[in-house]
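First residue of the sequence shown: 161, per our numbering; consecutive thereafter.
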Amino acid sequence: MEVAALSMKTLIIYAHPNHDSLCYAFLQKVLQGCEENPDSTEVQVLDLYAEGFNPVLVFNEEQRRRDMHRNPALETYRQQITWADRLVFVYPIWWGRPPAMLLGYIDQMFASNFAYRDKKGPFPEGLLKGKSAVCISTMKGPAGYPLIYLNNAPKILMKRALLNFVGIKKVKMFEFGSMESPKGRQAEKLEKVYRYFLNR
């Protein structure tokens with residue numbers, strides 16, 4: 161009796177305006193690893209800058225916050241998240257946090273009654289349970305900078321305040337520092353990301 165192979169549908173959210181950047185090289189390594197992985201059946205890439213995604217929140221009498229989970233302008237993006245088994249975020253760390261473009265995407269897409277539901281008690285019900293996530297971030301500063309000077313804020317923001325909050329408990333973080341240094345071992349780190357997606 162044959163055992164069915166596991167399949168993995170991956171949505172990559174890419175948030176860097178420059179396709180000559182190291183972030184873009186990491187995106188290519190994610191794609192290469194997925195394409196060569198027999199268990200990675202389908203991949204979609206959402207390039208937020210190339211897409212012209214509008215990160216600006218607008219709330220008024222016609223566009224209320226409580227209705228954001230069914231905003232028709234965002235339906236395609238909601239379908240992508242629903243479709244995916246795995247979300248992959250590729251982004252730089254600027255001023256100790258992801259770019260405003262990615263944060264604007266998060267503000268709108270991880271809305272109440274789509275990504276989570278309020279309930280009695282201090283914590284909501286995460287509605288994206290069963291999915292996994294990978295965060296790949298690059299920064300100019302040394303790898304220890306976020307932990308030592310920022311109290312691990314970038315990791316807490318993405319892993320705990322966002323992904324765990326909406327029910328995604330399996331989260332892998334790649335935080336690469338010194339990426340503008342000749343001693344940053346960029347090729348080694350690109351290979352590490354490629355190998356991860358080749359085997360996951």
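Positions of the beta carbon are idealized from the N, C-alpha and C atoms, including for glycine. Bear in mind that the values here come from a model prediction, so they are computed numbers and not experimental data.
{"query": "Among the residues of its own chain, which have a CB less than 6 Å from the CB of L247, if the five just before and after it don't count?", "result": "L171, A293"}
{"query": "Within its chain, find whatever has a CB closer than 7 Å to the CB of M168; leave out the 5 residues flanking it on each side and keep chain order.", "result": "D199, S200, T201, D245, R246"}
{"query": "Starting from the C-beta of Q268, find all residues in its chain whose C-beta is less than 7 Å away, skip the five residues before and the five after it, and write them out in chain order.", "result": "L217, M228, L234"}
{"query": "What residue range is occupied by the uninterrupted alpha helix (DSSP H) comprising I328?", "result": "First-last for I328: undefined, no H or E at that position."}
{"query": "Assign T298 to one of two classes, buried (16 or more other C-beta atoms within 10 Å of its C-beta) or exposed (fewer than that).", "result": "buried"}
{"query": "Quickly, what does DSSP pair A293 with across the bridge? List them, please.", "result": "L247, V331"}
{"query": "Roughly how many whole angstroms lie between the Cα atoms of E221 and P232?", "result": "16 Å"}
{"query": "In chain order, which continuous runs of the alpha helix (DSSP H) of length 4 or greater are located wholly inside the region 163 to 251?", "result": "182 to 196, 208 to 211, 235 to 243"}
{"query": "Spatial neighbours of I173 within its chain, please: CB distance less than 6 Å, with the 5 preceding and 5 following residues excluded, ordered by chain position.", "result": "L206, F249"}
{"query": "Just verifying my parser: in three-state terms, what is the DSSP assignment at G264?", "result": "helix"}
{"query": "Can you tell me which of the three DSSP states F357 falls into?", "result": "helix"}
{"query": "Which residue's Cα is closest to the Cα of A210: V326, N178, G256?", "result": "N178"}
{"query": "Would you say the region 340 to 354 touches the region 277 to 293, given that touching needs at least three Cβ pairs under 8 Å?", "result": "no"}
{"query": "What did DSSP end up calling E340 once you bin it into helix, strand or coil?", "result": "coil"}
{"query": "Between F357 and C183, how many whole angstroms is the CB-CB distance? I'm expecting something under 8 Å.", "result": "Actually they are not in contact, since the Cβ atoms of F357 and C183 sit about 15 Å apart, beyond 8 Å."}
{"query": "Which whole-angstrom value describes the C-beta separation of I328 and L288, a residue pair presumed to lie in contact below a C-beta threshold of 8 Å?", "result": "5 Å"}
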